[in-house]
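Here is the structure we will look at, set down as structure tokens.
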Amino acid sequence: MFEHLFEKVNTFYESVFLSYGKVLSRHHVKIILVSFLINLSLSLGILRISMLMDTDSLFFPVKSQAKIDEKFLKKVYTNETKLSNDFYLHQIADFGTWTEINFQLQDNDDKNILKEDYLIKIKQIHEEILNIPNFNLVCAKRGNECLIDGADLLQPKFYRDFLRVNMKRKSDRLNDDDEIEDENYDKTNVRFYLNPNELTGQIGFTDLTYNLGKHFRINLLSESKNQTEPGYSRLFKLRYNLKDDFETASSDVKKWEMEFLKLAKEISLKNEALFRISYASSHSLDIEMAANIVVDTTLIVGTFSLIIMFACLIMSLGSNLVTAPGFMLPMAGISSALLGMSSSFGLCSYLSYQGCNLIFVIPFLVIGIGIDDMFIIYSSYLHTFKNRGHKSNDEIVQEIISATLARSGVSITITSLTDFVAFMIGITTGFRSVQIFCVYAGLSILFCYLNQITIFSGFLCLHLKRVLDNRNSFLPCLKSNKNNTEQNNSDDKVKTKFINFKKIKKFWLRFFEFLICNRKGKLITLLLFLVYISFSIWNASKIHEGIRIEDLVSEDSYYSQYVKDNAELQDLYPIVMLITTQPLNYDNLNIRIELKNLIKNAQKIDGISESFQLNWLDSFKSKRIDFKQNTTKLTDTLKLYPPYLNDVIIKTNCRDQIRNESFKKELKISDNSQEDIVNCEYEIESSRFYLQYSKLFLSSLDAKPMHQLRKLCLESGLPIIPYSVAFKYYEQFEETLPNVIQSFIIAIESMYIIALIFIPDLVSVFCIIMSMLSIMTGLVGFMHLWQLSLSSITMIELIMSVGFCIDFSAHVTHAFISNGKGDRNKRGFWAFRDVGVPIVNSALSTIIGTLLLAFCKSYIFKSFFKTMTILMCLGIVNSLLFLPVLLSVIGPNWKMHKEQEEISIRKNNLLEHEKQNDNELAHLNDKKNQNNNNNDDDVSHNVI
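Note that the sequence shown covers residues 1 to 944 in UniProt numbering.
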């Protein structure tokens with residue numbers, strides 16, 4: 001059944017491309033012009049392309065619970081609803097609007113930055129930053145003063161009253177017998193610096209682990225160098241908190257940030273002899289991402305030139321000055337690919353579909369796929385050119401072009417369709433950046449395929465006409481001698497070739513024939529495969545998950561250095577908020593007990609700190625919280641610890657208009673009209689409590705406490721949710737692997753169906769799928785070996801790789817089935833021989849096309865180069881060695897194969913029999929001639 005179905009399907013596809021080839025051979029100039037004009041009109045849409053640069057939208061899961069909770073938090077806790085507008089860093093719903101500058105010493109021998117001289121110098125730089133115009137208008141404030149984290153540490157009393165006092169206190173606590181210092185002393189006793197302001201009465205609150213880093217400690221008297229170094233730290237950080245409301249954030253704040261970045265760069269260069277300075281702002285990531293996507297023009301020109309030279313060299317092997325393709329044919333193939341890419345970008349722009357920074361990798365991807373199709377078409381052309389008949393030039397053109405497309409059409413259709421479907425599958429992932437890339441890449445491949453069978457195939461007609469007209473490939477105006485050209489047209493009669501690889505080719509053919517056909521060779525191949533797949537699985541199991549922020553920007557970006565310094569010098573454990581989403585009766589003692597029990601149980605979760613919590617309920621010693629009729633007692637109590645004022649949202653329901661406007665303003669409430677304040681009823685619409693992580697893995701393991709907190713809140717029966725600004729990162733870590741697995745499963749199912757359409761045989765499709773799984777397993781394993789992690793960026797590359805895997809495997813399997821001569825061993829080797837060269841050429845051209853990306857400073861481009869290099873190498877090994885061996889063992893062995901084998905055997909026997917008869921006849925003729933010679937000698941002797 002499969003044999004008959006394959007013949008029918010193959011015949012149908014060949015007839016379609018055969019008919020198209022006849023049309024193309026007659027109207028190739030018109031088809032080229034029409035295709036070019038369509039591509040040009042679509043490409044003009046690039047002029048209106050729009051880019052999406054928001055990191056949250058691109059690189060975090062679309063269906064993110066953390067982002068939903070963040071929207072709720074921003075909606076409820078606004079400046080209009082909170083009891084106070086004072087700014088506290090731990091209360092913001094996201095990372096806020098800010099600028100930061102980090103100071104480290106350049107001297108490797110002296111890394112302690114907590115010296116009085118250094119602090120004075122940093123203070124001078126701090127005052128220089130404060131002189132940037134309009135800072136007082138754009139800064140976030142607490143008690144009508146701009147809040148700058150770390151500025152309190154530049155005051156003399158921090159050095160004199162805090163560091164020195166705590167140095168003596170710490171030294172006094174050590175007994176004479178104590179030889180080991182308490183490692184947790186600094187974290188538990190001197191983590192926070194409280195600095196009361198004598199004028200305003202506000203208390204400055206500085207977390208030293210944030211501003212001085214994880215290496216901060218109080219020195220002992222013996223370590224203080226005559227009390228000149230009472231403390232030790234390698235980092236000093238200043239954070240300038242800015243307003244984050246929409247109006248200012250979109251104008252004045254952003255302008256101030258830009259001025260800060262300019263000044264920070266000048267400061268960094270001016271003080272590089274003393275300090276190593278890194279800096280950033282809240283918009284730095286978006287700014288640097290935008291700069292990172294601009295591909296260097298020389299990079300594209302260099303890649304284009306390399307590909308053309310490689311294609312010219314490969315396509316010219318075994319040819320002469322007439323049959324060589326010159327520059328026209330390779331340029332037509334590469335231009336067809338680039339036109340397909342530009343048409344895709346233009347069409348998406350016309351449809352107002354935004355792009356992202358990842359789509360700038362597509363030109364290098366499409367060039368690789370286009371070159372693959374070009375080599376397959378040209379290889380078929382060379383095969384049909386050898387077997388041309390003696391007809392008129394027009395008839396020969398029609399015959400060769402039709403046969404070329406009939407022979408290669410199925411292969412390039414499989415290539416393009418599998419790649420297109422692989423990218424369409426990528427749209428189902430939960431990351432916006434992956435979806436955008438897959439849409440742009442899928443359409444690019446579709447247009448590239450259409451251009452290859454129209455524009456490139458049209459130029460192939462022109463090339464064939466030039467060859468038949470005996471014109472020089474590089475100077476078509478020169479016409480060669482007809483007799484010499486006809487002699488050179490046959491590859492067997494070419495006397496002058498550019499390069500001759502016959503000896504090398506024979507050696508490798510014998511070597512691979514041994515590995516594919518010989519039992520010992522198959523055993524060696526099996527052992528190699530077991531080593532390879534075991535090594536790949538072991539490495540794949542160790543691959544890391546998640547994207548690093550510094551990977552989104554260039555290596556030499558100031559933001560990259562800032563992120564690295566933070567990661568190296570700080571241990572920042574995220575704050576977790578527990579937020580009530582509905583009003584609760586806090587006056588009810590049972591409700592308060594349930595809340596406190598929930599917080600205690602949350603602190604028992606592994607990864608959540610047991611010692612840290614901020615709970616506004618602790619401010620109320622009595623059993624009652626009286627606020628329903630009058631909120632004065634509530635607000636007065638919360639004012640004892642000012643941050644708590646922003647942790648309670650009061651909602652009021654009144655019958656008449658409030659007359660006491662000052663009280664209304666104080667409460668920051670917006671309510672219905674009422675006549676007297678006594679007639680109002682109040683309720684706490686929402687409140688929040690704080691916990692903190694106690695350890696981080698920077699992987700999907702960090703999501704475990706998050707899920708346990710969510711489960712605990714859900715099972716408590718209280719309307720409460722956990723939220724942290726870090727939760728969306730943990731969701732990204734966790735969602736990457738399931739999305740990759742989901743894409744793989746859908747891809748396998750889809751590729752199975754596609755393979756069945758073109759190769760309707762279950763065993764053959766099984767071999768293709770096994771080869772694909774082998775390549776993908778090896779790819780993930782070697783990605784870990786080359787220090788790549790699973791992220792939304794590499795997920796794109798893995799989805800892309802599925803199509804390439806099927807391409808390689810389908811070409812070999814199709815050649816194995818369609819070659820009707822010989823047993824499995826012979827057909828396996830002949831499949832390797834027939835498609836091996838096009839596959840190797842395609843893989844090499846793809847590697848060369850991405851080679852210059854290795855010299856980029858962008859992680860996006862570097863990871864693409866690494867992935868493509870690994871994929872091409874594994875594709876060659878699996879499709880040209882492991883797959884032919886597998887097919888030679890379990891591949892289809894249909895009746896037509898056996899008949900062809902018998903016919904081949906009979907032909908060989910007949911040839912041997914004819915050869916034997918010819919030898920016998922020649923032997924008899926030799927004897928007869930010898931007898932005649934003897935008779936002539938006798939006659940001569942008699943005459944003499």
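Yeah, the Cβ is synthetic: ideal placement off N, Cα and C, and Gly gets one too.
Check	Outcome
Residues near ASN134 in its chain [Cβ-Cβ closer than 7 Å; skip 5 each side]	ASP252, TRP256
Delimiting residues of the alpha helix (DSSP H) encompassing LEU578	Element bounds for LEU578: not the alpha helix (DSSP H) but the beta strand (DSSP E), 575-580.
Beta-carbon proximity check, THR813 vs ILE759, cutoff 8 Å	yes
Outcome for VAL765 when other beta-carbon atoms lying within 10 angstroms are tallied against a minimum of 16	buried
With 16 other Cβ atoms within 10 Å as the buried cut-off, status of ILE367	buried
Nearest neighbour of PHE620, chosen from GLU513, ARG142, LYS262, ASP636 [CA to CA]	ASP636
Cut-off 6 Å between Cβ atoms - residues of its own chain near LEU880, not counting five sequence neighbours on either side	PHE832, GLY836
Exposure label - LYS665; buried when at least 16 CB within 10 Å	Low local confidence applies: a pLDDT of 44 at LYS665 is under 50, so the model's placement there is unreliable, with the coordinate-based value given in what follows. Label assigned to LYS665: exposed.
Close beta carbons around LYS82, own chain, < 8 Å, minus the five adjacent residues each side	LEU645, ASN646, ILE649, LYS668
DSSP state of GLN104 mapped onto helix, strand, coil	strand
Nearest neighbour of TYR13, chosen from PHE511, TYR353, SER411 [CA to CA]	SER411
Run of the beta strand (DSSP E) containing LEU242, from where it starts to where it stops	236-242
Minimum C-alpha distance to SER402 - residue among PHE385, THR418, ILE414, SER268	PHE385
Neighbour-count burial assignment, LYS170, 16 or more Cβ in a 10 Å radius	buried
Where ALA422 falls, given that 16 or more other Cβ within 10 Å makes a residue buried	buried
Cβ separation of PRO838 and ILE376, assumed to be a contact under 8 Å, to the nearest whole Å	5 Å
Entirely enclosed beta strand (DSSP E) segments - the stretch 603-632, minimum 3 residues	none
Residue of ALA441, TYR381, ILE414, LEU382 minimising C-alpha distance to LEU358	ALA441
Distance, THR777 Cα to residue 966 Cα	No information on residue 966 is available, as it lies outside the stretch 1 to 944 that the chain covers here.
Range of the contiguous beta strand (DSSP E) that encloses PHE60	Careful: PHE60 lies outside any beta strand (DSSP E) and carries neither H nor E.
VAL165 burial status per 10 Å Cβ neighbour count (16 or more: buried)	exposed
Whole-angstrom distance between GLY370 and ILE334, CA atom to CA atom	6 Å
Beta carbon of SER687 nearer than 8 Å to that of THR581	no
ILE658 (DSSP reduced to helix, strand or coil)	With a pLDDT of only 42 at ILE658, under 50, the local geometry of the prediction cannot be trusted, and no value is derived from it.
From SER284, SER809, PHE260, ILE806, residue whose alpha carbon lies closest to that of VAL553	SER284
For SER554, the residue or residues it bridges with in DSSP	SER858
LEU114 - DSSP class collapsed to helix/strand/coil	coil
Buried or exposed (CB count within 10 angstroms, at least 16 for buried), MET309	exposed
Beta-carbon proximity list for residue 976, same chain, < 6 Å, skipping 5 on both sides	No information on residue 976 is available, as it lies outside the stretch 1 to 944 that the chain covers here.
C-alpha gap between ASN136 and ASP626, whole angstroms	39 Å
Segment limits, alpha helix (DSSP H) that includes PRO884	883-890
Stretch-stretch touch, CB-based, cutoff 8 Å, three pairs: the stretch 860-875 with the stretch 789-802	yes
Opening and closing residue of the alpha helix (DSSP H) in which LEU431 lies	Note on residue identity: the sequence assigns Phe, not Leu, to residue 431. Segment: none, PHE431 is in no alpha helix (DSSP H) and carries neither H nor E.
Neighbour-count burial assignment, residue 961, 16 or more Cβ in a 10 Å radius	An answer regarding residue 961 cannot be provided, because it is not within the stretch 1 to 944 covered by the chain.
Neighbour-count burial assignment, SER719, 16 or more Cβ in a 10 Å radius	The amino acid occupying residue 719 in the given sequence is Pro; Ser does not appear at that position. Under this definition PRO719 is an exposed residue.
PRO892 beta carbon less than 8 Å from that of ILE817	yes
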